[in-house]
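Below is one structure, written out as structure tokens; comments come after it.
There are 2 protein chains.
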Amino acid sequence: MSLRIALLGLLKFSGPASGYDLTKAFERSINYVWQAGHSQIYPELAKMAADGLIGVEAQGTRGRKTYAITPEGSDELHHWMTSRVPTLAPVRSESALQAFLLPLLEPQEALDILRRMQEAVAARVKELEDLRAAKRERQVGDGSGLGYYSLDLGIRHARTALDWTKATATDIAAHHSPADDEPPKP
Amino acid sequence: MSLRIALLGLLKFSGPASGYDLTKAFERSINYVWQAGHSQIYPELAKMAADGLIGVEAQGTRGRKTYAITPEGSDELHHWMTSRVPTLAPVRSESALQAFLLPLLEPQEALDILRRMQEAVAARVKELEDLRAAKRERQVGDGSGLGYYSLDLGIRHARTALDWTKATATDIAAHHSPADDEPPKP
DNA sequence: CTCAACATGTAAATGGTTACATGATTTT
DNA sequence: AAAATCATGTAACCATTTACATGTTGAG
């Protein structure tokens, strides 16, 4: 379902596009909230066309097929957006699993992991903030452009994860009584 | 892979258990970071036993099989925990997709959705905070117990999502110029 | 005796990833 | 002429979900 919705949203927003274009669009923008490769996108477009949600608007050179959203597709998209019950998608994340299992490790091992996590998350924060800055330069400064609000959400989540790594490291270090194996350097 | 690690972690922490026990443990605790039902767990346990990561310790009544983690299983778990590179799992969430597509809607429609999201997220925050309070009462107050740190992470994420719904609603309402279809009630 | 909880499995369907396969056009 | 990019598809595999299927034990 979600792949369909994502494709309908892209077609609605940017107008007619080919499977190739949509694959690129996925890589560029939407892959921060949903991922799909061309091997999933092409068959899905064929099914959506069969269901009347999109139509082949033109066949270009190199076998290029340009799809456009139909009124039925617009309805489907609008219906999904406005009537889906806000199910909090359960988290399914290896990092969260690692966090879950942290108490199994020795404090020093846990601290090492948290330090590495912290670096990775800090890099992600920077990546997303740069992306937002680049977007701001390219277009008008308001909330138009798909992905504006989800990018904000992503940045907030990444910053929260960064805070968590710091707080957790502090917490573990406190229980650990750092004198044990980190003798102060004079 | 992750399912294996989750099962190894539970067996390591709580000692020998049956597939049934582990299914219950999943439902209770770990399902905030990873989900699996019994139909996935039983076959996986069989494969893990074949791979020597766990062993059948005892066969009880009602066909109950009790599995225990082996030294090889412990190694595998420890290796995964300490040597996995902290890949930020890409988000794949319907809610994030909905956030991504929000600019397609009329401001009033978007505000309605954000209001419903806000209620759902607030409920999640409360659920998780209650869970932490209940855990605190039951056992010692420090960071022991699997899931202590990931629960903290979950609470922080949920609060962040709540903040986002409020900020986004405020932002959209500002652009919308509320006088348009929300005349002030005298 | 009946119902809830215990206990384990398999099968079918869906969704997603990786690899295979092919060919046209444009750029260097 | 070679390489990069455009462009589309299929096949095999893996993970996950939902449904099917069966039988035991203990409590009320």
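Chains as they are written, first to last, in full-length UniProt numbering: chain A, 1 to 186; chain B, 1 to 186.
Glycine included, every Cβ here is placed at the ideal spot set by N, Cα and C.
{"query": "Exposure of A:P43, with buried meaning 16 or more beta-carbon neighbours within 10 Å", "result": "exposed"}
{"query": "For B:Q35, the three-state DSSP class (helix, strand or coil)", "result": "coil"}
{"query": "Contact under 8 angstroms by Cβ, A:H176 with A:P103", "result": "no"}
{"query": "Residue of B:V85, B:P90, B:T87, B:L114 minimising C-alpha distance to B:A99", "result": "B:L114"}
{"query": "Where B:E129 meets chain A, residues with beta-carbon distance less than 9 angstroms", "result": "Ordered by position in chain A, no residue passes the 9 angstroms Cβ test against B:E129, which lies about 15 angstroms from the chain."}
{"query": "Host beta strand (DSSP E) of B:Q59 (start-end)", "result": "54–59"}
{"query": "Range of the contiguous beta strand (DSSP E) that encloses B:A68", "result": "65–69"}
{"query": "At least 3 beta-carbon pairs within less than 8 angstroms: the stretch 47–64 of chain A vs the stretch 62–79 of chain B", "result": "no"}
{"query": "Whole-angstrom C-beta distance between B:R116 and A:P86, which should lie under 8 angstroms", "result": "5 angstroms"}
{"query": "Closer than 8 angstroms to chain A by CB, B:Q35", "result": "yes"}
{"query": "Endpoints, alpha helix (DSSP H) assigned at B:R159", "result": "148–176"}
{"query": "N- and C-terminal bounds of the alpha helix (DSSP H) containing B:M117", "result": "107–138"}
{"query": "Residue-level contact to chain B via CB, A:P71, 8 angstroms cutoff", "result": "no"}
{"query": "Residues sharing a beta bridge with B:A17, DSSP", "result": "B:Y67"}
{"query": "Interface partners of B:F100 on chain A, CB under 7 angstroms", "result": "I30, V33, L146, G147, S150"}
{"query": "C-beta neighbour in chain B for A:G9, strict 8 angstroms", "result": "yes"}
{"query": "Span of the alpha helix (DSSP H) around B:E101", "result": "Note on identity: in this sequence residue 101 of chain B is Leu, with Glu being the wrong assignment. First-last of the alpha helix (DSSP H) with B:L101: 94–101."}
{"query": "Among B:L97, B:H79, B:S2, B:G37, nearest to A:W80 - alpha-carbon criterion", "result": "B:L97"}
{"query": "Of the residues B:S93, B:E137, B:R156, B:A50, the one placed nearest B:G73, counting alpha carbons only", "result": "B:A50"}
{"query": "Identity of the residue in B:L11, B:F13, B:N31 nearest B:L151 by Cα", "result": "B:N31"}
{"query": "Short CB-CB distance (under 8 angstroms) between A:T160 and chain B", "result": "yes"}
{"query": "Helix, strand or coil at B:G145 according to DSSP, with G and I counted as helix", "result": "coil"}
{"query": "A:M48, DSSP secondary structure in three states", "result": "helix"}
{"query": "Nearest-angstrom Cβ-Cβ length linking B:L45 and B:A25, presumed shorter than 8 angstroms", "result": "Their Cβ separation, rounded to whole angstroms, is 13 angstroms, which puts B:L45 and B:A25 out of contact at 8 angstroms."}
{"query": "Within chain A, the residues that B:T87 reaches when beta carbons sit closer than 8 angstroms", "result": "E94, S95, A120"}
{"query": "Identity of the residue in B:A174, B:E76, B:Y148, B:S14 nearest B:L111 by Cα", "result": "B:A174"}
{"query": "Contact list for A:G154 against chain B, beta-carbon separation under 8 angstroms", "result": "V91, A96"}
{"query": "From A:A36, A:G147, A:E119, A:Q118, residue whose alpha carbon lies closest to that of A:L131", "result": "A:G147"}
{"query": "Cutoff 8 angstroms: A:A134 Cβ touching any chain B Cβ", "result": "no"}
{"query": "Closer than 8 angstroms at the beta carbon, the chain B residues around A:R84", "result": "E94, Q98"}
{"query": "Cβ pair B:V121, B:L77 closer than 8 angstroms", "result": "no"}
{"query": "Under the three-state DSSP convention, the category A:L10 falls into", "result": "helix"}
{"query": "Rounded distance between the beta-carbons of B:P16 and B:T66, thought under 8 angstroms", "result": "5 angstroms"}
{"query": "Outcome for B:A158 when other beta-carbon atoms lying within 10 angstroms are tallied against a minimum of 16", "result": "buried"}
{"query": "Cβ-Cβ distance between A:T160 and B:T160 below 8 angstroms", "result": "yes"}
{"query": "Close-in-space but distant-in-sequence residues of the same chain around B:G145 (CB under 7 angstroms, 5 per side omitted)", "result": "K135, Q139"}
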